[in-house]
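Below: one structure, written as structure tokens.
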Amino acid sequence: MSDNIMVRTRPDVGSYDDIVAAAQRSTGLSDFGGTDHEEGLRLLAEDLASPEAGLTPLGNYFQRSEVKGALVGRLLTQARFTERPEHRDVPIERPIFLMGLPRTGTTALHRLLHADPISQGLEMWLTQYPQPRPPRETWESDPIFTAMQQAFAAHHTESPEFMGIHYMDATTVEECWRLLRQTGKSNSYESLANIPRYTEWLAEQDWTDAYARHKENLQLVGLNDPEKRWVLKNPSHMTALDALMAVYPDALVVYTHRDPVVCIASSCSLSAETTAGHSTTYVGDVVGRTQLDLWSRSFHAFHDARPSYSPDQFADVAFSDLRADPLGVTRGIYEQFGLDWTPEAEAAITAIDREAREGKAAPSHRYSLDDYGLSETQVREAFDR
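Numbering follows numbering that gives the first Met the number 0, in which position 170 of the sequence shown is assigned residue number 169; successive positions increment by one, without gaps.
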């Protein structure tokens with residue numbers, strides 16, 4: 000572990016207005032391009048400062064950075080929108096959205112679909128700092144990219160168990176919730192803290208404005224690659240399928256299936272590992288109760304909304320099939336959607352599949368529903384349709 004790695008702490012999260020001021024100081028920018036983000040992020044900051052959240056000094060620092068990150072992302076992209084108004088003319092046609100319960104194979108499938116040279120995704124560093132994607136050979140000379148790579152390397156040295164759950168670095172294609180949170184709407188926050196008022200507020204929201212800004216961000220990031228097809232993934236898309244389809248009416252949805260008992264146990268473990276030491280209340284049974292509530296609501300919202308759209312826009316993938324035959328499943332998605340399975344696509348996807356199979360084994364990851372006050376019967380009842 001590097002000697003210069005410091006554990007950062009704070010005595011409090013700070014007020015929403017204080018965090019706004021900090022984001023403006025960090026960026027030197029002040030134009031948020033509207034106020035549609037304010038209600039959700041202000042409520043979130045208040046919830047995080049409450050006794051229910053029970054944040055520790057470490058948790059205060061982490062959670063403040065999450066709120067600040069949403070504000071910084073919005074400020075940076077607003078400046079880029081102004082600088083590059085031509086981004087609004089970039090077409091986004093038949094984007095692929097992967098969704099399903101957490102731990103259903105979406106990460107592996109995302110990387111396979113992204114491997115096709117005609118595809119593009121959101122690299123981690125561009126979800127944090129959206130800009131027109133620079134040529135790949137220039138990334139290592141970008142100070143933001145370099146700083147993020149160093150931070151991820153330090154994180155994986157400090158927390159090898161997390162790498163066993165979900166490996167990340169600045170180059171990997173990642174989930175697009177960081178774009179949605181620019182409008183104050185993201186259920187990622189519900190997987191990081193006990194925030195009952197924000198949770199209740201979010202459940203009542205129309206996410207259409209969040210997806211409209213999501214699209215504008217994609218147009219910005221893809222400005223230099225307008226011919227490439229977007230491949231995106233995020234379990235939270237299940238929560239707001241109607242809003243997604245309102246903004247992307249020709250979207251292609253890949254829905255992944257796995258036993259919810261396994262999904263919820265693993266999701267709880269991921270939340271607990273990510274937030275270890277952050278809270279005196281967001282532990283054990285509270286993690287279990289909130290994660291079961293979040294993902295069962297999302298599951299039912301998706302299945303309630305899906306029948307309103309053409310079956311031709313959906314492909315279903317079983318986790319067991321993906322594990323057994325990744326290449327065959329990927330090709331099946333292409334066939335379902337009438338996409339071109341070119342020799343270049345097959346070669347690139349085969350190479351990624353081989354790399355995943357031959358890669359260094361991640362640390363083992365153990366978890367149990369019992370650790371989070373849940374039973375198999377509870378989980379099955381919550382997902383019963």
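For each residue, glycine too, the CB sits at the ideal point set by N, CA and C.
Predicted model, so just to flag it, every value in this text is computed and none were measured.
Item to complete: Tell whether a beta-carbon distance below 8 Å holds between T8 and L47.
Response: No. Outside cutoff.
Worksheet item: Between the Cα of A275 and the Cα atoms of A192, V316 and Y333, which residue gives the shortest distance?
Response: It is A192 whose Cα lies nearest to the Cα of A275.
Item to complete: Pull up the distance between the alpha-carbon of R228 and that of R296, whole angstroms please.
Response: Rounded to whole angstroms, R228 to R296 spans 30 Å at the Cα level.
Worksheet item: Under 8 Å between the Cβ atoms of A44 and S25?
Response: Contact: no.
Worksheet item: Should the stretch 86–93 be called in touch with the stretch 213–232, which here means at least 3 C-beta pairs below 8 Å?
Response: The count of Cβ pairs closer than 8 Å, one atom from the stretch 86–93 and one from the stretch 213–232, reaches three, so the stretches are in contact.
Item to complete: Within 10 angstroms of the Cβ of V19, are there 16 or more other Cβ atoms? Answer buried if so, exposed if not.
Response: The residue in question, V19, is buried, as its Cβ has 16 or more Cβ neighbours within 10 Å.
Worksheet item: What residue does the beta strand (DSSP E) around M98 start on, and which one ends it?
Response: Element bounds for M98: I95 to G99.
Fill in: T255 - partner residues in DSSP beta bridges
For T255, DSSP records a beta bridge to G99 and V316.
Worksheet item: So what does S118 bridge to, in DSSP terms?
Response: Paired residue(s): R228.
Practice prompt. For G283, count neighbouring Cβ atoms within 10 angstroms of its own Cβ and tell me buried if that reaches 16, exposed if not.
Written response: Exposed, because fewer than 16 other Cβ atoms sit within 10 Å of the Cβ of G283.
Practice prompt. Could you tell me whether the stretch 311–327 touches the stretch 100–117, where touching means 3 or more Cβ pairs closer than 8 Å?
Written response: Short answer: they touch.
Fill in: Proximity below 8 Å, CB of P129 to CB of L75
Between P129 and L75, the C-beta gap is smaller than 8 Å, which places the two residues in contact.
Item to complete: Using a threshold of 8 Å, state whether the C-beta atoms of K214 and G39 are closer than that.
Response: The criterion of a C-beta distance shorter than 8 Å is not satisfied by K214 and G39.
Worksheet entry | A346 versus G27, L111 and H36, residue with shortest Cα-Cα distance | Closest in alpha carbon position to A346, among G27, L111 and H36, is L111.
Practice prompt. Would you check if there are 3 or more beta carbon pairs closer than 8 Å linking the stretch 189–209 to the stretch 49–64?
Written response: By the criterion of at least three beta-carbon pairs nearer than 8 Å, the stretch 189–209 is in contact with the stretch 49–64.
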